[in-house]
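Report on the structure given below.
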Amino acid sequence: MSHDSQSLRRTIPSLHSLILFEAAARYLNFSKAAAELSITQPAVSHGIRQLESSLGHALFVRERRALSLTTQGQRLYSAVSGGFASIAETLDDIAGMPRRDTLVISASTVMATEWLMPLLPEFRQVHPDLMIDLRCLDRDPAMTTSNIDVHIRLGDGNWPDCDAIPLWDEEILPVCSPAYQAKSKPLSLTSDILRHRLIHYVDPYRFRIGWAEWLRATGVGAPPTLPTSLQVNDSLVAMKAAENGEGIALGWRPLIDRPLRENRLVIAIDRTLKTGRRFYVVTPSAPNRRKVALIFRDWLASRFEGL
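The structure is reproduced here in C-alpha cells:
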C-alpha cells in the first residue's frame, strides 16, 4: 500500500459513516435517515456521534424538535453529496447506462402542493426525461452549500452569492370554507374577524405574518388575546384546516388561488395586506451551476413577467 493510500485511510472517515451523514443531513432527521437506510434511529445517532468525534467538530445543531447543520456540517454535506453524485454518474458511464439529469428544487410544502406541482406538467412537456427532486423541509436550507439547484423563497431578494428573480409580491388575506362562511356571522368590517374562530399559523423557523401583525397592519388593533380555534406550524395544514371549517386562516396569494377557483376556500373579507416582501426563484451564482437549473429558473420567471 502506498504512503498516499495510507494517509487517505487515516484522514477519510469510513464510507458507512459518510452514508449515514449524507442521509441525515439531507433529511435533517435521524429517523427518516434510518428508515431510508433500513437501520435503527439510535444506530444513525451513534454513527453521527462517532463521525463528529473523529473530526473534532459538531456537524449538527441538535434542538428540541429539529436538526440543522453547523457550518462544518454544511461544508461536509456539500462535499459528500457532490461526491456521491459524481460516483453515481461514473458508475452509470462504466455500465453504459444513459444518465438522467436531476433538478433539485427547494420549496415550502404549501407552495409545492398548491402552486408548483400543477405547473410541472407544462415544464415536463419540454423536458420529459428530467428527474425532479422536490424537497420540502421544515427549515429553509442554506442557499450555496445545500446542493440544491433552485430555491423558491420569500424575502427581500438579498442572498449572498445568489441570483434572485422576483416572482410575485407577498399578499395576505383571510380565507375560510364556504360552509363556515354560510353558517357564521357576516363580516362587514375588518374588526368583525375578532368575533370569529381564527386558525393561527406559527412557523418556528421562518418569519411569517400572523394574525396580530395582519390586524395591526390593516388598521385594527390586536387585543392581547386573540380568538383561537387551532394553532399549527405549517401553512398547508392551516389551509386544510380552513377548508375543513375550523375557522378563518390567513392565505397567501397565489397559493390560495387554486382552492378559491375550486371553491374549497372563499375570501372571508376582501382586505389584502401587501407586505413589501416578494417571493423569488433563487439560484446560487457559482460558476459551475448547472444549465438545467438556469433553464428551469428562467422558465418559471417567464410565467410571471408583466404581473
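Residue numbers for the sequence shown follow our numbering, beginning at 2 and rising by one.
Where a beta carbon is used, it is the ideal one built from N, C-alpha and C, also for glycine.
Residues near residue i in its chain [Cβ-Cβ closer than 7 Å; skip 5 each side]
i      : result
His152 : Ser107, Met144 and Val283
Phe31  : Ala25, Gln42, Val45 and Ser46
Phe305 : Leu168 and Trp169
Thr1   : This structure gives no information on residue 1, because the portion of the chain shown stretches from 2 to 308.
His197 : Ser185, Pro228, Gly248 and Ile249
Cβ shell of residue i (< 6 Å), same chain only, five flanking positions each side left out
i      : result
Leu21  : Val45 and Gly48
Ala19  : It should be pointed out that residue 19 corresponds to Leu in this sequence rather than to Ala. Excluding sequence neighbours, Leu19 sits near Val81.
Arg265 : Glu244
Arg136 : Ser107
Thr273 : Glu172 and Leu174
Ile133 : Leu104
Distance cut-off 7 Å: residue i Cβ against heavy atoms of the ligand MG
i      : result
Arg290 : With respect to small molecules bound, the structure shown includes none, and the ligand MG cannot be examined in it.
Buried versus exposed call for residue i [16 or more other C-beta atoms within 10 Å across all chains shown]
i      : result
Ala242 : buried
Pro43  : exposed
Val62  : exposed
Phe208 : exposed
Gln126 : exposed
Ala96  : exposed
Asp150 : buried
Gly252 : buried
Same chain, Cβ closer than 8 Å to residue i, neighbours up to 5 away in sequence not counted
i      : result
Leu271 : According to the sequence shown, residue 271 is Asp rather than Leu. For Asp271, where only same-chain residues beyond five positions count, the Cβ hits under 8 Å are Leu174.
Glu23  : Tyr78, Val81, Ser82 and Phe85
Arg290 : Asp150 and Thr284
Limits of the unbroken beta strand (DSSP E) element including residue i
i      : result
Ile49  : Taken as a continuous stretch (DSSP letters only), Ile49 belongs to no beta strand (DSSP E), being part of the alpha helix (DSSP H) at Gln42 to Leu56.
Lys275 : Leu274 to Pro285
Tyr206 : No beta strand (DSSP E) contains Tyr206, which DSSP labels as neither H nor E.
Arg154 : Val151 to Gly156
One or two residues paired with residue i in a DSSP bridge
i      : result
Gly252 : Leu174
Met132 : Thr103
Phe61  : Leu70
Min CB distance residue i to chain C below 8 Å
i      : result
Gln182 : Protein chain content of the structure displayed is limited to a single chain, and chain C is not contained in it.
Range covered by the alpha helix (DSSP H) that runs through residue i
i     : result
Leu38 : Phe31 to Leu38
Requested in this report: Decide yes or no for the touch test of the stretch 228-241 against the stretch 200-209: beta carbon pairs closer than 8 Å, at least 3 of them.
Outcome: Result yes; three or more Cβ-Cβ pairs closer than 8 Å.
Report task. Examine the Cβ distances between the stretch 174-185 and the stretch 244-256 and report whether three or more of them are shorter than 8 Å. Result -> Look at the beta carbons and you see the stretch 174-185 touching the stretch 244-256: at least three pairs across the two are nearer than 8 Å.
Query raised in the report: Are the stretch 291-299 and the stretch 183-197 touching by the rule of at least three beta carbon pairs closer than 8 Å?
Result: At 8 Å Cβ cutoff, the stretches do not touch.
Query raised in the report: At a cut of 8 Å, does the stretch 155-165 reach the stretch 266-282 through at least three beta carbon pairs?
Result: Contact holds: three or more Cβ-Cβ distances are below 8 Å.
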